[in-house]
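Chemist: Just so we're aligned, residue 1 is where the sequence shown starts under UniProt numbering, counting upward by one. Cβ atoms here follow ideal geometry from the backbone N, Cα and C, with glycine treated the same way. Note that the structure is predicted; figures quoted are calculated from it, not measured.
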Amino acid sequence: MSTRNQQSDRERTTAASETNELAPSFLDEEHDASWSANLEQERYADDRETLIEHALAAINQTEPDYHVNLVTHPNHGTPEEYLEAPIHDHYPDAETSVVDQCGCGGYVYRVQQ
C-alpha cells in the first residue's frame, strides 16, 4: 500500500473515532492477530455508510498477514454487494470472502491484506 493510502487510512480511522463518541473500541487498537469486528450492532441497521467506514477502519487496524472477520448487520444483505468495491478501492490486494451467514441473518466477511 502506498504511503498516501496509509495516510488516508489513518485519517479515516481518526475521523471515524472523532465524529462518533460511540465509535467501536476496535478503532482504538492495532490488531496483531486475526480478529473479528462486530458490525452487526443495531447502530448499523440503517446506516450502511458508517458500517462501510468502520469496516475500512477495521481493516486498517489489522496487521499485514492477518485477517479481520467483518460481522455485518443482516439489514444490508450480502456483503460483496456493498463492501467489496470500497475495500478494493482502498486495499487493492486484499483477499475477501464470505465465511458464513450468521443465524441472525448477517454475514461473516473475511478480509486479508
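So the candidates are Tyr82, Ser97, His88 and His76; which of them puts its Cα closest to the Cα of Gly106?
Modeler: Cα-wise, what sits closest to Gly106 is His76.
Chemist: Could you check the C-alpha separation between Ala33 and Gln61 for me, to the nearest Å?
Modeler: 10 Å
Chemist: Am I right that Pro79 and Val98 are in contact with their C-beta atoms under 8 Å? What's the rounded C-beta distance?
Modeler: Correct: roughly 7 Å between the Cβ atoms.
Chemist: So, at 7 Å on beta carbons, what are the nonlocal neighbours of Phe26 in its own chain, with the 5 sequence-adjacent residues on each side left out?
Modeler: Ala37, Ala58 and Gln61
Chemist: Looking at the unbroken alpha helix (DSSP H) that takes in Thr50, where does it start and where does it end?
Modeler: Arg48 to Asn60
Chemist: Kindly list the residues whose CB is nearer than 8 Å to the CB of Asp46, restricted to its own chain and excluding five residues on each side of it in sequence; keep chain order.
Modeler: Asn75
Chemist: What are the start and end residues of the beta strand (DSSP E) that includes Tyr100?
Modeler: For the record, residue 100 in the displayed sequence is Asp; it is not Tyr. Residues Glu95 to Gln101.
Chemist: By the 10 Å Cβ neighbour count, where 16 or more other Cβ atoms means buried, how is Tyr109 classified, buried or exposed?
Modeler: buried
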